[in-house]
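Below is one structure, written out as C-alpha cells; comments come after it.
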Ligand SMILES: C[S@@+](CC[C@H](N)C(=O)[O-])C[C@H]1O[C@@H](n2cnc3c(N)ncnc32)[C@H](O)[C@@H]1O
C-alpha cells in the first residue's frame, strides 16, 4: 500500500462521511512524522506496517468517532505557530486570525501597548500578538485553570513572555490597558454547535447565557474600568448576532466608534470599538 493509494481511499471514506479531505492529509503527515514536502516526495513509497496501522486507527477516530484531528494529535496551527491543544481548550480557528491581524495593525500606532486577552484558551491570540508586537506587554486571562496550563505550556514552548491570570473576566485584573481583545464564548446552546464541536470542545469555551450575548454585555459594562483613553476593544463576534452586539455596545453609551470587519469568507466577524 502506497501513501497515494491510502490517501485516496481515506479521502473517499472521509468525503462519504461528510468529513474534510484536508484532515486526511494532516493524519498522514502527523502519523508518519512528515512535513507536507516529505509527504509529496514519499507519495509513491510503501507505508511501513506499523505506520499503516496507526494511520488507520487515527482516521477511524476522525471519520467514525468524530474526534477533531487537532485533538487526536494534540496540535493546532494558528497564525504560523504550532500550538499544543487538548480537550480543555477550544481549537483555535482560522477566522480568529482576522482578529489578530486587525489588532496588530491597530496596535502598531501605540507605543509599547499593554493588551489583555480575555478568555485566552490555548493562548492563540495572546501569543500571536506578543510574537508580532514584541515590545508590547500582554496579559492573558481565563476562568479555566486547565486552559491556562495549556496556554502557559505554549508560551514556554514558543519562548514568549505573557502574564497569565486566573480570573472571571476582569474580577482578578488590576490596572489599565491600551487594548482589550477577546473571542468569548458566544453560542446560545448546543443547537448552534456542529456535532463535532458539541461532542468534543469544552462547553465553557462555547456557550454563553442570554442567547450567547452574556460576555459581550459584561465586557462592554466592565471594560471602561480597565481601558486607557484612547483605548481599543477588538472582539470576535458571530455573524448572526452582529446587530444585537452592536446594539449592546451602543446602549453602553461609552464608546465613540463601533466598526465591524469581515472574515475571509465575507462574514461579519470582528468588532472594533474606540474608547475615548
Ligand atoms: C471561544 S474560547 C476562545 C479561546 C481562544 N482565545 C481562541 O480564540 O482560540 C473562550 C474562552 O473563554 C474562557 N472563558 C469562559 N468564561 C470565562 C470567564 N467568565 N472569564 C474568563 N474566561 C472565560 C473559556 O474557558 C475559553 O477558554
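Residue numbers (the working numbering): 630 to 905. Each residue gets a CB set at the ideal place from its N, CA and C atoms; glycine is no exception. Just so we're clear, the structure is a prediction, and the values are computed from it rather than from any experiment.
Can you tell me which residues form a DSSP beta bridge with residue 766? 743
Taking the beta carbon of residue 812 as the centre, do at least 16 other beta carbons fall within 10 Å, making it buried, or is it exposed? buried
Residue 832, enclosing alpha helix (DSSP H) - first and last residue: 832-835
I'd like the span of the alpha helix (DSSP H) that includes residue 686, first residue to last. 678-692
For residue 687 and residue 656, I'd like the C-alpha separation in whole angstroms. 7 Å
Mind pulling the alpha helix (DSSP H) runs of 4 or more residues that sit fully within the region 852-888? 871-880
Taking the C-alpha atoms as reference points, what is the distance between residue 762 and residue 893? 23 Å
Span of the beta strand (DSSP E), counted from its first residue to its last, around residue 903: 897-904
Compute the distance between the beta-carbons of residue 770 and residue 809, then report whether it is under 7 Å. no
Indicate whether residue 868 and residue 827 have their beta-carbon atoms separated by less than 7 Å. no
Tell me which same chain residues have a C-beta within less than 8 Å of the C-beta of residue 700, skipping the five on either side of it? 714, 715, 716, 720 and 829
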